[in-house]
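Sequences listed follow chains A and B, in order. Take the first sequence: its letter number 408 is residue 408 in UniProt numbering, and every next letter is one higher. Take the second sequence: its letter number 525 is residue 525 in UniProt numbering, and every next letter is one higher. Written below as structure tokens is the structure these notes are about.
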Amino acid sequence: MAQEHAGELDTESSNMREDDRRPPRAVVGSHRIEEEIFGKAFDKNIVKRIWAFVEPYRGKVFIAVAAVLVFTAMQLVIPLIIRYAIDHGITRGSVDHASLLAACGVFLLAILINYGASYTQEVVVGKVAEHVLFDIRRAMFGHLQKVSLSFMDKTEVGRLMSRLQGDVNSMQEFLETCVLSIGDIALLFGIVFVMLWFDFRLGLLTLSVLPVLFIVRLFWLPRARNAFMAAHETNSVANGALAEAIHGVRAVQSMGRQQVNFTLYDDKAHANLRTHLTAARYAQVMVPIVDLLTGFAMAIVIVVGGSMAVSESLDIGVMIAFLFYIQRFFDPIRSLTLQYSVMQRAMASGKRLTDVLDVKVDVQDKPDAKVLSSDMDGSVEFRNVSFGYNPKHPVLRNVSFRVNPGETVALVGPTGSGKSSSMALIHRFYDVQQGQVLVGGHDVRDLTQESLGRQIAMVLQEPFLFTGTVFENIRYHKAEATREDVVKAAKAVGAHDFIVSLAGGYDAMLEERGGNLSLGQRQLISFARALVADAKILVLDEATANIDSYTEMLIQKALVKLLEGRTGLVIAHRLATIRGADRILVLQNGQLIETGNHDQLMATGGLYSKLYNLNYASFDDIPDDELLVSAQNGSQT
Amino acid sequence: MSSEAIGSATKRRDALAHVKAANWGKGLSTLARITRMNLRHPWQAAFAIGSTIIAASLQLLIPQLLGHAVDQTQTAFAGGTAGQAAEQALWTSALLLLVVSTLRGLFTMSQNYFAEAVGHHIGYELRLACYEKIQRLSFSFHDQVHSGDLITIGMLDLEGVRMYFSTGLVRAVLLSMLIGIGAYLLLSTDLVLGLLALSFVPFVAWRSSVTRLRLRATWLDLQERLSVLSRVMEENLSGIRVVRAFASQAYEMVKFDRASADALELAHERVNIRVRNTSAMTFSFFLAMMLVLLFGGRKVIAGEISVGTLTTFLTFMTILQMPVRQIGLMVNSFARASTCGSRLFDLLDMDVAIKDAPDAKPLEITEGTLRFENVSFAYPAAETRPILRNVSFEARKGETIGIVGPPGSGKSTIAHLIPRFYDVTAGRVMLDGQDVRKVTLGSLRKEVAVVQQDAFLFTTTIENNIAYGDPWAHEQRIERASGYAQLHNYVLGLPAGYKTVVGERGVSLSGGQRQRLTIARTMMLRPSVIVFDDSTAAIDAATEQRIRSAMRQFAKDRVTIVIAHRLSSLMHADQILFVENGEIVERGTHEELLAKGGRYKALYDLQVRPGDDVLSEYGEAG
């Protein structure tokens, strides 16, 4: 349905775009919103899944439903009490103070019960809904900690965030609505029942306005919903364009697009104005219709009820009660219609939530998984490993090598040769398709991921820091690390000096992703973090990005420190690092083609020596064509 | 709350501080300004208010008609009127009621519709004003203001102002009509009973106002805590590889739970505030109703009033209940409009630092020579800390200037002064003898293009992104530029080629691809001065080399400035400036600078020679 609307909007705007203020290639923001807003009103499977989250609070839900029913009953009873007071206390000709007092006493009791019921209902429903909301979010978040990295790689963070926020919130709305709907339905039936019970004929006559309302609603609803959706959509589109203007303001200004963008934004804002006015018309057109029907119902009660009262076949109090009920009658119908769209929205959200919860967890601990003890030897071995993110396109083919405890090995090869995948396999981010990866002599699939992670420290190419203090970032999750440990690590990697020069030193707050530090500084902090983790094995993906020379030097020194006494696997880009390694593994197209130290490899005259002799500062600087030539030569020899 | 949560909360609170500090005077003048904006749609506003008055009057008629009808029945019942006449009277009442009820509906519709219409028109005008302003405010403003805050202003605050007319102003008219006239009618009918019937009004009005304001305060607080929670989640998801690498899922769950519990606690508090008050309000209303029934009943028995009058009282009470509860919403709407409005107007009234001089002329390019004359610069926020000091150089058409230096030395600032992203504090930047501050911004930025560090992609196709600065461009030109930037082959490999949508909702490009796209985009502009502001850092040296050779022809007709860390990016330049602490400390060609043996040479050694030797040299030195 969203698609249809997007189409409409496009045609509308293209009609107005035939002038020179709207260049053919210019757009602002995006044209559509991507997601279905409304689903089916009721989807059994989704409801079942959501119920699983409500289940733990079942007792409270029952209390809430009971309270809603009591509350509704009181809403019905109060007019009855008034009616009784009028009929028995006031108008029966005789003066009956006792009845009036009794009626008032019952009234007081009823409102006390009403108070209690409404309080219970709202508190319980409100809190349970909040709990469920937080539980669902926690379940999703927890699940995302376990799902395979390939899922995370291809899913944008923004999209997941909108699941964790927007969609979860609409579930909360849904739960509150469910309980309210029960109340509304009960109230509606209650009113119908009481009216018919009081006087079947008059009740039926009064209720005759109902079918009319339903028919009108039937025609109104789909049109109104389209109008509301269009309004919702144009609003998102206009807001999206504004957000783009804010984020991209520097690009806009430097390319002088202000004028054009303003014109185009005006189109969007104006479309938004139009759809909102249409939506307002649809929303308001029901008001006089409902009032007309209310008027009819009241007129019927007065004419028919009145003459019945005159002919003594109806108590005047009943007539008054009828008039009361009629005024309350349309409220539940109105709110039920609203709740219907909440349900539809909730189903669409629920579908997206369960999609996230159902993402398969590829890498899981075996039931009998062993804990990798910290006194293992620290060796790493690949035995005939084949692996591909898509099994049809392997990125590693039959790779075997062993890294001895304490050895530093550099992985070298052109982009796409499988270096990063090898690193990921050691940590069991993915499972191999064939062969085995062994750490400390154990197949990584036989170990618990937690214990494996504790023995492998990883430094990624792009240092990622969390909002928080420098101290917290270096310590990260190692709660037992003391301040001394952290400072020692920072000193060891040469980060101490710049840290103490920050305002607040180790307690300086880092902005999002460490935005207030330079790339090199972030790199150093991530080194310190790896050092504090104190793992047997260090896996490091050297940064390619260019860092200022002083920090560069610090980093190279820190690397030496970091590898001391550890098994090291380094995806190396810098010649200095490569030459410093005990052994070099050269990968090409997912295969291990050469291995040995620098001098050995230079002597054999293979790909490595060719690459080295090209005399680039880094292997990544070598142009593809030269690489191709070298590779061909390499395979010929 | 964790220490980090507190940190960010304090920061946000500081940001909100000026809102809280906003005094009553400012609040009132903001409301007055919004009201004046509303009155710029006089017809719709008049219709809305007129309809409100009529609808409220009609609504007040209904209980009286009902009471009258009941009385008629009562009288007829007691045998006061003959059957025929009674019937007639009932029919009249019924018809009257039908007409009044329908009319009330119609006027309510017109009240709501026109009130909304005024709001939407204001919303539209404010949207445009915001957009225009944000586009025009200079870089120094955007450096200081967080983009999230601008989005809040442009979306949420704008809503608060838009809603003011319908939920605040019109409701105020409606409520004062209903409550005022209702109270008058009740009190004038029977003073004691009237007082009883109205007894719940002050309590409910007070409770509902206080509750709304408290809910608003806790809402703002809750938003802060939720933003901590969402930051925890977002960082976790963006840094999922780090989380996995350190096997710290359990730790992350604890972090999540802590933030989550903080938010949940407040969410519960909100439920409590709301419920305590709604229940109390309902109770007080019913209690008043019971008292009316009790004392009214006695009065009926005593013959002081009729049953019809009692019905009128009771119906009036049901009618009044809603509006009285809505007083809280109205108060809230005023509070919201005044805080939202003051933030919004602060933005709209903001002075644009960089704009055309009153006598600005279009830039005329003749020779294509760029000159920096003793340029100094400091950010407006930190005037005592100069970023650039006495920078002078000249570049002629066809020349390439390389600028290198440590981070924070002021390299990028040099680039930003040419297209006037910032204005110099002393000295001047000249293009063909014209001070950039004396020409029109539009004409200047056409001639000076900067390839930015952060390559921003717009949510549209690749071709439209490349043609961003020249949206009339022909396909062939786009592909040529893309070819120069070494992007063409990559794009052809995509399923939809140049029609592939990129940006926030599209295919994501790698850092290098983004930078290449930005280069292509800038080349489309055909500027007289092109600046590469560290814009090849994510591109490998080989590709960069190819870009450079492809651009050789292009560079002949313009001044090229290359700012980079990587020396291979600028070794070939006609002149290289080594900048440190805002000053040019060395200048010359690559060979000259190497021969000089200064800072440039040291940097060269570190980057180009095998690392071991350099490391040991540094080791010896330090």
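From the three backbone atoms N, C-alpha and C, an ideal C-beta is built for every residue, glycine too. Predicted, not measured: the structure shown is a model, and the values here were computed from it.
- Taking 7 Å as the threshold, the shortest C-beta distance from G398 of chain B to chain A does not fall below it.
- Neighbours of S535 of chain B in chain A, taken as residues whose beta carbon is under 7 Å from its own, are absent, since the nearest beta carbon is some 12 Å off.
- Assigned with DSSP and collapsed to three states, I90 of chain A falls in helix.
- Look at M509 of chain A here: in three-state DSSP terms it is strand.
- According to DSSP, residue pairing for L411 of chain A in a beta bridge involves A:I571 and A:L585.
- V450 of chain B is bridged by DSSP to B:V531.
- Chain B has no Cβ within less than 7 Å of the Cβ of L80 of chain A.
- The C-alpha of E480 of chain A lies about 23 Å from the C-alpha of T567 of chain A.
- Of all residues in the region 238 to 259 of chain A, the ones placed with a Cβ closer than 9 Å to any Cβ belonging to chain B are A238, N239, G240, A241, L242, A243, E244, A245, I246, H247, G248, V249, R250, A251, V252, Q253, S254, M255, G256, R257, Q258 and Q259, in chain order.
- For E475 of chain B, there is no enclosing beta strand (DSSP E); the residue is found in the alpha helix (DSSP H) stretching over E475 to Y484.
- V529 of chain B and V559 of chain B do touch by the CB rule: their CB atoms are close to 5 Å apart, below 8 Å.
- Taking 7 Å as the threshold, the shortest C-beta distance from E130 of chain A to chain B falls below it.
- DSSP places D541 of chain A inside the beta strand (DSSP E), whose first and last residues are I537 to D541.
- Within the region 296 to 379 of chain A, the complete alpha helix (DSSP H) segments at least 4 residues long are 306 to 310 and 316 to 357, listed from N- to C-terminus.
- DSSP assignment within the region 190 to 234 of chain B yields no whole beta strand (DSSP E) run of 3 residues or more.
- Look at Y113 of chain B: its C-beta is under 7 Å from a C-beta on chain A.
- The Cβ of V529 of chain B sits no closer than 7 Å to any Cβ of chain A.
- Taking each of A:V252, A:D96 and A:E130 in turn and checking the Cα distance to T518 of chain B, the smallest one comes out for A:V252.
- Fewer than three beta-carbon pairs drawn from the region 187 to 196 of chain B and the region 147 to 156 of chain B are found closer than 8 Å, and the two stretches are therefore not classed as touching.
- Taking 8 Å as the upper bound on Cβ-Cβ separation, chain B lies near residues R137, R138, F141, G142, L144, Q145, K146, L149 and M152 of the region 136 to 152 of chain A.
- Between A280 of chain A and chain B, the shortest Cβ-Cβ separation is below 7 Å.
- Not a single CB atom of chain A sits nearer than 7 Å to the CB of F313 of chain B.
- Taking one beta carbon from each stretch, the region 119 to 126 of chain A and the region 64 to 75 of chain A have 3 or more pairs nearer than 8 Å; the two touch.
- Within the DSSP secondary-structure output, V70 of chain B pairs in no beta bridge.
- Around A85 of chain A, the beta-carbon contacts reaching into chain B at under 8 Å are L293 and G297.
- At a C-beta separation below 8 Å, L292 of chain A has these neighbours in chain B: L98, S101, T102 and G105.
- Taking each of B:E125, B:L196, B:Q453 and B:L95 in turn and checking the Cα distance to L293 of chain A, the smallest one comes out for B:L95.
- By the CB criterion at 7 Å, D582 of chain A and E407 of chain A fall inside the cutoff.
- Interface residue (Cβ-Cβ distance to chain B less than 7 Å): L524 of chain A is not classified as such.
- Counting along the chain, G402 of chain B sits inside no alpha helix (DSSP H); it lies in the beta strand (DSSP E) bounded by residues T400 to V404.
- Taking the Cα positions, P56 of chain A is about 10 Å away from V128 of chain A.
- For L388 of chain B, the enclosing beta strand (DSSP E) starts and ends at L388 to A395.
- Between the beta-carbon of S254 of chain A and that of Q452 of chain B there is about 7 Å, and that keeps the pair under the 8 Å contact cut.
- Here K411 of chain B is buried. Its C-beta has 16 or more other C-beta atoms within 10 Å.
- DSSP places S400 of chain A within a strand segment (E or B) once states are collapsed to three.
- With a cut-off of 8 Å on Cβ pairs, the region 386 to 402 of chain A is not in contact with the region 445 to 463 of chain A, counting fewer than three such pairs.
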